[in-house]
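A.B. asks:
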Amino acid sequence: MKLLKTALVACAAFISQSAAAQQLTAWDSLALTPPMGWNSWNFFEGKVSEKVIMDMADAMVANGMKAAGYQYLVIDDYWVGGRDRQNKLFPDTERFPHGMKYLADYVHSKGLKIGIYSDAATLTCGGVTGSYGFEELDAKTFASWGIDYLKYDYCNAPEDVATAFSRYHKMGDALKNSGRPIVYAICEWGPRKPWLWAKAAGGHLWRTTWDSRDVWESKNKDLTGIMDIFNQQESLANYAGPGGWNDPDLLMVGLYGKGSSSSVNGRFKGCTFTEYRTHFALWCMLDAPLMLNLDLTKMDAANLQLLTNKHLIGINQDELGKQATTILRRGDLQVLSKPLKNGAIAVCVFNRSDKPTTVKLNLKKELNVWQPVTAFDVWKEKNYPKAAVLESNLDGHDCAVYILTKAE
Ligand code: GLA
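Position 28 of the sequence shown, counted from 1, bears residue number 28 in my numbering, the numbering being contiguous throughout.
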């Protein structure tokens with residue numbers, strides 16, 4: 001009986017998810033392209049504070065990230081102080097001395113948006129107060145503070161999909177009734193296949209994976225590294241599109257083992273710059289939300305240049321909203337392709353091996369791409385008119401990204 005109920009819920013949600021995909025609503029329009037921003041998890045965790053968020057907002061404006069398209073500053077777990085006598089949530093008063101409205105006003109004054117975190121149970125993953133039973137009140141409170149984005153977690157909640165759907169739906173409705181447009185990020189990590197029902201629950205993005213760790217590949221199902229996550233995304237491409245996105249978790253780029261959760265308290269030492277560059281390029285190809293969590297006030301030039309690369313961001317934010325799929329797999333070579341709105345195609349040539357290699361791909365014969373074509377190399381910012389073969393010199397775990405445009 002329980003199984004039948006679960007199947008029916010997933011089925012009904014899926015039907016409305018497919019219908020929703022055809023007709024965009026005003027609610028969908030809050031995330032017509034994948035959200036871009038920063039989240040306090042991994043690097044700041046329990047030390048997140050008003051000062052941290054203000055510093056990040058200042059940095060985002062000063063270092064060109066805002067101009068590149070980054071918009072949201074999301075306060076993750078550990079901001080809650082408790083509920084007052086009217087059951088209204090209030091923040092930890094030491095770390096958020098002026099309250100959330102003050103902070104939201106500051107972030108808005110910088111032309112940015114602010115996000116917050118809660119959980120569909122009485123306690124969050126970190127063990128502070130969650131929203132279960134207070135969805136309407138909390139959504140209205142968030143709206144009154146000027147919150148623009150809610151990440152809604154699922155720790156301490158029942159495991160079955162029917163309950164998850166109903167709890168997420170409840171908060172989705174509460175947000176819709178809150179009087180403020182609030183992007184809704186569903187975070188149940190993937191075990192209940194949220195790509196089938198999260199959009200019907202009101203979600204604009206849904207985590208497809210357990211928390212990302214700052215390691216290239218861990219091969220341990222409980223500690224997902226970048227490749228472990230990447231390998232799970234391929235089959236989900238059809239569920240993403242304008243208004244609703246698969247979310248393969250925060251970008252590890254630039255953490256270099258410094259986040260305590262992502263490094264599992266120092267067990268993982270982080271990745272090389274080449275690996276972070278590939279991670280970013282793959283997440284752009286996958287139409288993933290681009291959420292950073294490194295300290296924006298201490299970024300090195302290479303990571304800043306990477307994370308503000310206008311060509312990669314253009315691929316990620318392309319209005320067509322088509323998640324990349326694999327068009328060629330040969331040993332350690334993987335080629336992904338993503339159609340773009342203007343008729344061009346983004347192609348990522350990815351060397352999964354840890355050894356360097358040179359890859360030559362015949363565009364017509366091997367990738368089935370029209371001729372003549374102009375290939376634009378995103379790293380080199382160089383055009384190759386009438387390209388017949390793509391030649392990429394790749395380090396281990398490296399990739400090249402091209403934008404292919406039909407030539408006259
Ligand atoms: C879960 C989520 C993380 C983060 C933490 C906070 O693990 O998946 O992204 O929000 O909770 O405690």
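Built from N, CA and C at the ideal position, the CB exists for glycine as well. For clarity, every value in this text was computed on a predicted model and none was experimentally measured.
Can you give me the C-alpha to C-alpha distance between L175 and N362, rounded to a whole angstrom?
C.D. replies: Using only the alpha carbons, I get a separation of about 50 Å.
A.B. asks: Do you know whose CA, among T122, Y152, W145, lies nearest Y106's CA?
C.D. replies: The shortest C-alpha separation from Y106 is found at W145.
A.B. asks: Hey, quick one: how far does the beta strand (DSSP E) through W401 stretch, first residue to last?
C.D. replies: It is Val, not Trp, that sits at residue 401 in the sequence shown. Its beta strand (DSSP E) spans residues 399 to 406.
A.B. asks: In whole angstroms, what separates the C-alpha of T297 from that of G46?
C.D. replies: Taking the straight line joining both Cα atoms gives about 18 Å.
A.B. asks: Write down every uninterrupted run of the beta strand (DSSP E) in the region 318 to 361 whose length is 3 residues or greater and which is fully enclosed by it, in chain order.
C.D. replies: Fully enclosed beta strand (DSSP E) runs of 3 or longer: 325 to 330, 333 to 339, 345 to 351.
A.B. asks: Would you say the beta carbon of R207 is closer than 8 Å to some non-hydrogen atom of ligand 1?
C.D. replies: Checking the Cβ of R207 against ligand 1 gives yes.
A.B. asks: Exposed or buried, what is K386 when buried is set at 16 or more other beta-carbons lying within 10 Å of its beta-carbon?
C.D. replies: By the neighbour-count rule (16 or more Cβ atoms within 10 Å), K386 is not buried but exposed.
A.B. asks: Per DSSP, which residues does D247 bridge with? Please list them.
C.D. replies: DSSP output for D247 lists R207 as bridge partner(s).
A.B. asks: Candidates E381, N383, L30, D377: which alpha carbon is nearest G202's?
C.D. replies: Among E381, N383, L30, D377, the Cα nearest to that of G202 is on L30.
A.B. asks: Does C271 come out as helix, strand or coil in the three-state DSSP assignment?
C.D. replies: C271 falls in the coil class under three-state DSSP.
A.B. asks: Note the first and the last residue of the continuous beta strand (DSSP E) segment covering E391.
C.D. replies: Where E391 is concerned, the enclosing beta strand (DSSP E) stretches over 389 to 394.
A.B. asks: Classify S235 as buried or exposed, calling it buried when 16 or more other Cβ atoms lie within 10 Å of its own Cβ.
C.D. replies: Exposed, since its Cβ has fewer than 16 Cβ neighbours within 10 Å.
A.B. asks: Residues in its own chain within less than 6 Å of G69 by CB, not counting five upstream and five downstream?
C.D. replies: Closer than 6 Å at Cβ, skipping near neighbours: M36, I313.
A.B. asks: Is any heavy atom of ligand 1 found at a distance shorter than 8 Å from the C-beta of W79?
C.D. replies: Incorrect: W79 has no Cβ contact closer than 8 Å to ligand 1.
A.B. asks: If I measure Cβ to Cβ from D354 and keep anything under 8 Å in the same chain, skipping five residues before and after, which residues do I get?
C.D. replies: G396, H397.
A.B. asks: Per DSSP, what are the beta-bridge partners of I229 in this structure?
C.D. replies: Note: I229 sits in no beta bridge, so no partner.
A.B. asks: So I182 packs on Y149, CB below 8 Å; how close in whole Å?
C.D. replies: Between Y149 and I182 the Cβ distance is about 6 Å, and since that is below 8 Å, they are a contact.
A.B. asks: If you draw a straight line from the alpha carbon of D318 to that of N87, how long is it in whole angstroms?
C.D. replies: Cα-Cα distance, rounded: 42 Å.
A.B. asks: How long is the line joining the alpha carbons of C155 and M227, rounded to whole angstroms?
C.D. replies: Roughly 25 Å separates the two Cα atoms.
A.B. asks: Counting Cβ pairs, one atom from each stretch, are 3 or more of them under 8 Å apart for the region 155 to 166 and the region 108 to 128?
C.D. replies: Yes, the region 155 to 166 touches the region 108 to 128.
A.B. asks: Under three-state DSSP, which class holds W38?
C.D. replies: Three-state result, W38: strand.
A.B. asks: Given a threshold of 16 other Cβ atoms within 10 Å of its Cβ, counted over all protein chains shown, does E391 qualify as buried or as exposed?
C.D. replies: Under this definition E391 is an exposed residue.
A.B. asks: Quick one: what does DSSP say C284 is sitting in, helix, strand or coil?
C.D. replies: Three-state result, C284: helix.
A.B. asks: Distance, Cα to Cα, R85 vs D377?
C.D. replies: Going by the C-alpha atoms only, they are around 60 Å apart.
A.B. asks: What residue does the alpha helix (DSSP H) around T297 start on, and which one ends it?
C.D. replies: Here T297 belongs to no alpha helix (DSSP H), and DSSP marks it neither H nor E.
A.B. asks: Is Y168 near ligand 1, in the sense that its beta carbon is under 8 Å from a heavy atom of that ligand?
C.D. replies: Not under cutoff, so the answer is no.
A.B. asks: Taking only the alpha-carbon atoms, compute the straight-line gap between T224 and Q233 and give it to the nearest angstrom.
C.D. replies: Approximately 13 Å, taken between the alpha carbons.
A.B. asks: Indicate the three-state DSSP secondary structure (helix, strand or coil) for S16 in the structure shown.
C.D. replies: With a pLDDT of 48 at S16, under the threshold of 50, the predicted position of this residue should be treated as unreliable, though the coordinate-derived value follows. Helix at S16.
A.B. asks: Can you have a look at S109 and say buried or exposed, based on whether 16 or more other CB atoms are within 10 angstroms of its CB?
C.D. replies: So S109 ends up on the exposed side.
A.B. asks: Please confirm if the region 45 to 65 is in contact with the region 289 to 304, defined as three or more CB-CB distances below 8 Å between the two stretches.
C.D. replies: They touch, by the three-pair rule.
A.B. asks: Tell me, to the nearest whole angstrom, how far the beta carbon of G115 is from that of K151; I am working on the premise that it is less than 8 Å.
C.D. replies: Going by Cβ atoms, the distance from G115 to K151 rounds to 6 Å, so yes, they are a contact pair.
A.B. asks: When the distance is taken between beta carbons, is A344 closer than 9 Å to M285?
C.D. replies: No; because the gap between Cβ atoms is not below 9 Å, this pair is not in contact.
A.B. asks: Out of curiosity, what's the CA-to-CA distance linking Y384 and V373?
C.D. replies: One C-alpha to the other measures close to 9 Å.
A.B. asks: Hey, quick one: how far does the beta strand (DSSP E) through G314 stretch, first residue to last?
C.D. replies: Not the beta strand (DSSP E): G314 falls in the alpha helix (DSSP H), residues 310 to 316.
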